[in-house]
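Enquirer:
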Amino acid sequence: MYRNHPALEVRSAGTSPNARRTVNAGDLRWADIVMVMEYTHKNRLKAQFGRLLEYKKVVVLDIPDDYHYMDPELIGLIEDSVSRHLEIPDQDV
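Residue numbers for the sequence shown follow the working numbering, so the first one is -6 and each next one is one higher.
(1) In terms of DSSP beta bridges, what is Gly19 paired with?
(2) Taking C-alpha atoms, which residue in Gly19, Met63 and Arg37 lies nearest to Pro10?
(3) For Lys50, does the three-state DSSP call read helix, strand or coil?
(4) Nearest CA to the CA of Leu45: which residue from Tyr32, Val16, Arg77 and Glu72?
(5) Tell me the rounded alpha-carbon separation between His34 and Ala40.
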């Protein structure tokens, strides 16, 4: 969603072993801010990568992980929630 946004550098990965791409230690070292949809995702990351997250800001977007990939409703929820946490200029993403 935000890959082509000029003000952001993003990576996307899942916490589930079944994710298209799973988060790894390199992703967490690279990130300034880690955003997850649910507290379950945050807890998985803390269990697997606790030390790497000690000094990272982890934001829970409070979006249930009940949507299909790129569902239009999910995209809207993510955009609304992310915009509340980041100061980014309005732009089509």
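Positions of the beta carbon are idealized from the N, C-alpha and C atoms, including for glycine.
Expert: So, to answer that:
(1) Its beta-bridge partners do not exist; DSSP assigns none.
(2) Arg37
(3) strand
(4) Val16
(5) 10 Å
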